[in-house]
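Those letters in the sequence shown? Residues 145 to 304, by my numbering. First the structure, in the form of structure tokens, and then the observations on it.
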Amino acid sequence: MSVRALVLGLLLLAVAAGASIAESSAPTLGGKVQHALQLDEALLRSLPQTSLDITFETGKGPVSGHYTGVLVWTLLQQAMPIDEVGKNASLRHTLIVTGRDGYQAAIAFGELDPLYEGKQAIVAYDGGAPPASFANLRLVVPGDKHGGRSVRDIASIEVR
Ligand SMILES: Nc1nc2c(c(=O)[nH]1)N[C@H]1C(S)=C(S)[C@@H](COP(=O)(O)O)O[C@H]1N2
Ligand SMILES: [Mo]
145 MSVRALVLGL
155 LLLAVAAGAS
165 IAESSAPTLG
175 GKVQHALQLD
185 EALLRSLPQT
195 SLDITFETGK
205 GPVSGHYTGV
215 LVWTLLQQAM
225 PIDEVGKNAS
235 LRHTLIVTGR
245 DGYQAAIAFG
255 ELDPLYEGKQ
265 AIVAYDGGAP
275 PASFANLRLV
285 VPGDKHGGRS
295 VRDIASIEVR
């Protein structure tokens, strides 16, 4: 094998490895669900869009933004949480949202369920600053006074 062919082969391998890392790095919605989801662009674009104008406090003062994304409730309906046995067992679920930096915040199923608070929390793929994107998803929780649960750069959502 010529040196040139060897170099070309190694390059192709590196590109393939890079592509598969990029593919597998879509955030996941998993845990106690029947169908774990990859929160990639194809899935998020296929679901109904919700937009929200919100303002929250931060350590650096108030921040306002117009965010667009998919209701967390819609994602949960796709994933289908697995309930334990017992009265109103769905209300035992919480969602732990984790950022790529390890930052975490929880939401309760009862906050999102339309039979209870019906909060329009979204996983945003557009809006805000730095802008949310399909590569940098952000949890947006309307009604929160502080931005603490506005987890940016989501790595995973775990249903417990
Ligand atoms: N991934 C991640 N998300 C996060 C944080 C963080 O440290 N890491 N901080 C939170 C806090 S405390 C606030 S007030 C808001 C601030 O949002 P901003 O930094 O995008 O303005 O982000 C929230 N989301
Ligand atoms: Mo904060």
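The beta-carbon is built from N, C-alpha and C at its ideal position, and this holds for glycine as well. Predicted model only: the values in this text are computed from it and were never measured.
Looking only at C-alpha atoms, which of the options sits nearest to residue i?
i: Y247; options: L188, R189, P225 and S294; result: S294
i: R244; options: S169, V147 and A149; result: S169
i: W217; options: G203, A265 and Y260; result: A265
i: S190; options: G203, V214 and G174; result: V214
i: A186; options: R304, P286, A279 and D288; result: A279
i: Q221; options: R148, A250, L256 and G287; result: L256
i: I251; options: V303, R148 and G174; result: V303
i: K289; options: G203, V229 and D227; result: G203
i: A249; options: P192, V229 and R296; result: R296
Under the assumption that residue i contacts residue j (Cβ atoms under 8 Å), give the Cβ distance between them as a whole number of angstroms.
i: A233; j: H179; result: Going by Cβ atoms, the distance from A233 to H179 rounds to 19 Å, so no, they are not a contact pair.
i: L239; j: G254; result: Not really, about 11 Å apart at Cβ, beyond 8 Å.
i: F200; j: G262; result: About 20 Å; that fails the 8 Å criterion.
i: L173; j: P286; result: That belief does not hold up - the Cβ atoms of L173 and P286 are roughly 20 Å apart, past 8 Å.
Taking 8 Å as the threshold (C-beta atoms), are residue j and residue i in contact?
i: S277; j: P171; result: no
i: V219; j: V284; result: A small correction: the amino acid at residue 219 is Leu; Val does not occupy that position in the sequence shown. Going by C-beta atoms, L219 is not nearer than 8 Å to V284.
i: K176; j: P206; result: no
i: L281; j: L183; result: yes
i: I298; j: V241; result: yes
Looking at C-beta atoms only, is the number of pairs between the segment 256-276 and the segment 196-211 that lie closer than 8 Å three or more? Yes, since at least three Cβ pairs between the segment 256-276 and the segment 196-211 fall closer than 8 Å, the two stretches touch.
So which residues touch the region around ligand 2, with touch meaning a C-beta under 6 Å from any heavy atom? The filter returns T202, G203, H290, G291 and G292, in chain order.
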